[in-house]
Amino acid sequence: QQQQQHQRGEAAAHASACASAATGSKQQTPKIPEVGSVLTVRWKDDTYHQGTVVDVRDNAGSPSLYYIHYHDYDRRLDEWVPLERIDLNDFHASDVSNLNTPGRKLTRNMKRKHDEINHVQKTYAEMDPTTAELEKEHEKVTKVRYINKIHLGKFEVDAWYFSPYPDEYGRAEMLYICEWCLKYMKLPQTLQNHACPLRQPPGREIYRKGCVSVYEVDGAQHKVYAQNLCLLAKLFLDHKTLYFDVEPFLFYVTCEIDAEGAHVVGYFSKEKVSEEGNNLACILTLPPFQRKGYGRFLIAFSYELSKAEGKIGSPEKPLSDLGKLSYRSYWTWVLLNVLHEHKQSLSIPVLSEATSITQEDIVSTLQALNLCKYWRGQHVVCVTPKLIEEHLNTKRYKPPTIAIDPKALRWTPPVPAAASSKRH
Numbered sequence: 004q005q006q007q008q009h010q011r012g013e014a015a016a017h018a019s020a021c022a023s024a025a026t027g028s029k030q031q032t033p034k035i036p037e038v039g040s041v042l043t044v045r046w047k048d049d050t051y052h053q054g055t056v057v058d059v060r061d062n063a064g065s066p067s068l069y070y071i072h073y074h075d076y077d078r079r080l081d082e083w084v085p086l087e088r089i090d091l092n093d094f095h096a097s098d099v100s101n102l103n104t105p106g107r108k109l110t111r112n113m114k115r116k117h118d119e120i121n122h123v124q125k126t127y128a129e130m131d132p133t134t135a136e137l138e139k140e141h142e143k144v145t146k147v148r149y150i151n152k153i154h155l156g157k158f159e160v161d162a163w164y165f166s167p168y169p170d171e172y173g174r175a176e177m178l179y180i181c182e183w184c185l186k187y188m189k190l191p192q193t194l195q196n197h198a199c200p201l202r203q204p205p206g207r208e209i210y211r212k213g214c215v216s217v218y219e220v221d222g223a224q225h226k227v228y229a230q231n232l233c234l235l236a237k238l239f240l241d242h243k244t245l246y247f248d249v250e251p252f253l254f255y256v257t258c259e260i261d262a263e264g265a266h267v268v269g270y271f272s273k274e275k276v277s278e279e280g281n282n283l284a285c286i287l288t289l290p291p292f293q294r295k296g297y298g299r300f301l302i303a304f305s306y307e308l309s310k311a312e313g314k315i316g317s318p319e320k321p322l323s324d325l326g327k328l329s330y331r332s333y334w335t336w337v338l339l340n341v342l343h344e345h346k347q348s349l350s351i352p353v354l355s356e357a358t359s360i361t362q363e364d365i366v367s368t369l370q371a372l373n374l375c376k377y378w379r380g381q382h383v384v385c386v387t388p389k390l391i392e393e394h395l396n397t398k399r400y401k402p403p404t405i406a407i408d409p410k411a412l413r414w415t416p417p418v419p420a421a422a423s424s425k426r427h
């Protein structure tokens with residue numbers, strides 16, 4: 004009996020040793036992420052988020068870096084991360100959505116609001132076939148962003164999206180950009196040695212009020228500057244297709260003026276000839292100058308030019324989620340103020356003539372405010388002075404931070420010329 008117990012003890016010890024050896028073997032060969040792996044990553048704020056490995060890059064003799072797209076977050080948060088920020092014990096075979104929580108059913112309306120707040124793009128199944136194919140091609144080309152930061156003037160700015168800078172510049176982790184001519188360089192020494200003759204954008208100044216200035220730059224006359232501006236903008240814009248054919252466009256570059264010169268804060272572009280009647284093609288406020296009122300200023304300026312041309316205008320569609328919010332805010336403020344000044348209800352066509360906003364944009368804005376009804380085959384504005392006052396007094400509708408002074412505009416509409424309508 005003692006011999007049997009001794010044999011059982013030896014067998015148990017052997018099994019335990021084998022298990023330990025197997026465990027040790029597993030610990031010695033940790034799982035390595037690869038393209039398509041779904042895993043958990045530690046963010047810089049020590050919170051954990053799930054994402055998918057989009058690409059893997061050798062890091063010049065150091066451990067590899069992994070390009071991660073985080074689930075339910077905008078692509079501008081995609082980033083290269085080292086292995087130590089990845090939880091190697093938490094691999095998943097498929098995408099995991101964090102929208103549903105135990106005991107909580109996500110309704111379609113709740114999902115729509117979540118997607119709007121977090122700027123979640125539609126899935127391919129939710130798009131029409133043509134749009135889905137275009138989105139797939141766009142994602143294939145732009146899915147990996149190699150440029151992490153740019154040095155521009157006194158700022159170091161995180162890049163948000165892929166931009167097609169040529170050759171080795173597009174693979175540099177950091178680009179050094181001259182804030183005057185927008186020339187791009189790989190090394191800080193090159194920027195220091197760069198003797199730029201400019202202290203303002205090329206082209207002509209068409210607006211100056213205080214320290215805010217606007218320059219009109221013709222893409223045909225200043226092609227290199229316009230191309231550099233588009234490349235810079237693409238680092239912060241996801242769904243604008245960019246070509247190097249900038250000649251059909253005018254660029255309205257907004258600057259802050261100081262003793263050094265005119266520092267670029269943002270711009271919008273418009274086609275010289277727009278068959279659709281668009282008064283704006285692309286708009287951007289650079290990140291260091293966002294939330295200061297420049298986005299609203301640029302939108303308002305595009306309509307000020309439309310008024311000077313005697314035209315009704317609208318931005319190029321479709322708008323991004325953030326673009327919709329910005330334009331809806333501008334349209335609402337303008338329309339409420341026009342209605343408030345006239346102390347009476349105005350027709351849609353009269354509002355359009357007074358503001359240079361298209362009737363379609365006016366109707367959609369007023370319907371969102373419940374100030375427009377469809378009656379006897381036409382849209383009718385339904386307002387009272389008291390209702391207008393109530394809307395204007397809410398915190399949602401703030402006056403512009405940077406107001407435009409039409410008297411400071413020194414501009415006459417350019418003479419139309421034959422131009423390609425190719426987008427940039």
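Note that our numbering has the sequence shown beginning at 4, numbered continuously upward. Where a beta carbon is used, it is the ideal one built from N, C-alpha and C, also for glycine.
1) Can you tell me which of the three DSSP states P66 falls into?
2) Between the alpha carbons of Y333 and A303, how many angstroms are there, rounded?
3) Can you give me the Cβ contacts of L308 inside the same chain, cut-off strictly under 6 Å, excluding the 5 residues immediately before and after it?
4) Nearest by alpha-carbon distance to I89: which of L301, T50, L80 is it?
5) Report the residue ranges of all alpha helix (DSSP H) runs contained in full by the segment 359–392; include only those spanning at least 4 residues, in chain order.
6) Classify R78: buried if its beta carbon has 16 or more other beta carbons within 10 angstroms, exposed otherwise.
7) Taking the alpha-carbon positions, what's the V267 to K212 distance?
8) Name the DSSP beta bridge partners of T288, please?
9) Is it buried or exposed, Q387, if we count other Cβ atoms within 10 angstroms and call 16 or more buried?
10) Within 10 angstroms of its Cβ, does T368 collect 16 or more other Cβ (buried), or is it exposed?
11) Could you say if the segment 229–243 and the segment 159–179 meet the contact criterion of at least three C-beta pairs nearer than 8 Å?
12) Could you work out which residue in S40, A262, C184 is closest to H74 when comparing CA atoms only?
13) Can the beta-carbon of L339 be found closer than 9 Å to that of L395?
14) Under a three-way DSSP split, which group does C233 fall into?
15) Measuring straight from C-alpha to C-alpha, what distance separates W183 and K295?
16) Considering only their Cβ atoms, is the gap separating Y172 from L190 smaller than 9 Å?
17) When you compare only the Cα positions, how much space is there between K45 and Y70?
18) Please report the residue range of the alpha helix (DSSP H) in which N196 lies.
19) My output table needs one value for F304: the three-state DSSP class, helix, strand or coil.
20) Taking the continuous alpha helix (DSSP H) assigned at L283, which residues delimit it?
21) For L91, name the three-state secondary structure that DSSP assigns.
22) Would you grab the beta carbon distance between A311 and L412 for me? Rounded to a whole angstrom, and I think it's under 8 Å.
23) Of the choices Y218, E37, L342, whose alpha-carbon is the least far from that of D61?
On the basis of the supplied data:
1) strand
2) 8 Å
3) none
4) T50
5) 362–371
6) buried
7) 15 Å
8) G269
9) The amino acid at residue 387 is misidentified as Gln; the sequence shows Thr. Its Cβ having fewer than 16 others within 10 Å, T387 is exposed.
10) buried
11) yes
12) S40
13) yes
14) helix
15) 21 Å
16) no
17) Here residue 45 turns out to be Arg, not Lys, going by the sequence shown. The alpha-carbon atoms of R45 and Y70 are separated by roughly 13 Å.
18) Where N196 is concerned, there is no enclosing alpha helix (DSSP H), given that its DSSP letter is neither H nor E.
19) helix
20) Element bounds for L283: not the alpha helix (DSSP H) but the beta strand (DSSP E), 281–283.
21) strand
22) 7 Å
23) E37
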